[in-house]
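Trainee:
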Amino acid sequence: MSSTCLPFLAEYAKNGRASCTACKQKIAQDLLRIAKVVQSPFHEDFITTNWFHVICFFTRVKPKSIEEIKNFDALRLDDQQKIREQIDNAGELLRDIREFDSAMSSFKIPNKEDKKTIKTKLPKDARPSPKKFKIELNTNEDDKLMKKQDKELFDLKDHLTILSKSQLISLLNANDQTVPEENSRIIENLADLMCFGVPSPCDKCNGNLKYKSGVGYKCTGDLDEWTKCENVNIDPPKKKFKVPSHMKKDNIFLTTYKPKIKKRIFKQTFSTKSLASVQKEEGDVDGPEVKETLALKGMQFVINRKSKTDRNKIMLLGGTVSSRLHKSFL
Ligand SMILES: [Zn+2]
Ligand SMILES: [Zn+2]
């Protein structure tokens with residue numbers, strides 16, 4: 001699933017003209033709004049956005065995960081949290097953990113080892129899932145730091161939106177960074193680099209590591225002509241962001257900006273495993289309806305020649321392509 005065809009879109013209303021699909025009231029400018037994006041069955045590029053107030057949206061629609069919401073990363077932290085809670089019922093989980101822990105502490109005062117033993121003896125569905133513990137690990141201290149971090153990021157974004165696209169691209173180039181396709185991604189990327197520093201290139205493929213919400217710094221490079229690099233680093237080594245001196249002229253923001261290196265604190269919401277499955281889906285060339293009739297489904301091909309056309313043909317027929325012969329075939 002590419003980000004351009006995600007089923008939902010969240011943003012701060014650019015104007016006050018759109019009405020909410022559910023309650024029919026106007027959605028005020030700058031208010032957070034969510035759209036259900038409907039693609040025309042006849043024309044790929046033609047989409048309709050049905051806007052909702054956030055509250056109204058969740059009475060009608062239930063996205064499976066935040067991964068389905070385009071532009072989610074660019075929302076303010078508080079707003080991300082509100083949406084996350086609606087989707088994951090994170091509040092409910094948090095209460096479960098507290099109840100679970102207080103119930104356990106009434107046996108006796110259990111030490112770490114005791115807790116572990118009790119947990120393994122509990123029936124499977126009574127054990128809190130690893131996801132619950134991830135939420136538990138976020139202390140108040142982290143929350144405070146994240147709020148501060150969020151403010152810094154949004155201040156930077158506010159300043160960056162005033163710059164021209166060519167200025168934004170020059171800033172990325174000056175720091176050896178590739179340019180993301182979408183404008184909002186460019187600003188996200190720059191705000192991260194200016195706030196936390198420029199990550200060193202990927203140690204597997206030398207590509208750029210870019211921050212991805214809930215995941216960490218994910219490599220955007222390729223391992224070879226056909227394979228995307230999936231390297232993720234939570235806290236990669238970084239160097240200071242550079243502003244070319246000619247760009248500082250007549251720009252107070254860029255002149256007064258002080259580069260720094262900091263660790264970005266975030267809540268990890270995707271395990272590497274679930275990330276891999278998402279990526280696998282993204283790479284799927286075939287749609288679900290035609291899957292069963294694909295002639296080469298389940299077959300693997302090893303191509304010696306570097307031809308993208310052959311590769312695409314095989315993949316369209318359901319086969320998989322690799323550049324090396326897999327061990328199991330030897
Ligand atoms: Zn509404
Ligand atoms: Zn890489």
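In full-length UniProt numbering, the protein residues as written are 1 to 330. For glycine and all other residues, C-beta sits at the position ideal for the given N, C-alpha and C.
1. Could you tell me whether any non-hydrogen atom of ligand 1 is closer than 7 angstroms to the CB of Phe42?
2. Would the beta-carbon of Leu209 fall within 8 angstroms of that of Cys219?
3. Quick one, what's near ligand 2 if you take every residue whose CB is closer than 5 angstroms to any heavy atom, in chain order?
4. Hey, Cys205 and Gly221: beta-carbon distance below 8 angstroms or not?
5. For Asp73, which of helix, strand or coil comes out of DSSP?
6. Could you check whether the Cβ of Gln149 sits closer than 7 angstroms to any heavy atom belonging to ligand 1?
7. From the DSSP output, read off the bridge partner residues of Trp51.
8. How many Å lie between Leu145 and Lys24 at the Cα?
9. Is Ala28 near ligand 1, in the sense that its beta carbon is under 7 angstroms from a heavy atom of that ligand?
10. What is the residue span of the alpha helix (DSSP H) that Glu141 lies within?
11. Skipping 5 residues on each side, what residues in its chain have a beta carbon closer than 6 angstroms to that of Thr255?
12. Give the C-beta separation of Cys202 and Asn231 to the nearest angstrom, bearing in mind that I take them to be a contact with Cβ-Cβ under 8 angstroms.
13. Using 7 angstroms as the cut-off, classify the Cβ of Phe58 as near or not near the heavy atoms of ligand 1, replying yes or no.
14. Is Ala13 close to ligand 1? I mean its beta-carbon at under 7 angstroms from any heavy atom of the ligand.
Mentor: Taking the structure as given:
1. no
2. yes
3. Cys202, Lys204, Cys205, Gly207, Cys219, Gly221, Cys229 and Asn231
4. yes
5. helix
6. no
7. Ala35
8. 39 angstroms
9. no
10. Asn140 to Leu160
11. Lys248
12. 5 angstroms
13. no
14. no
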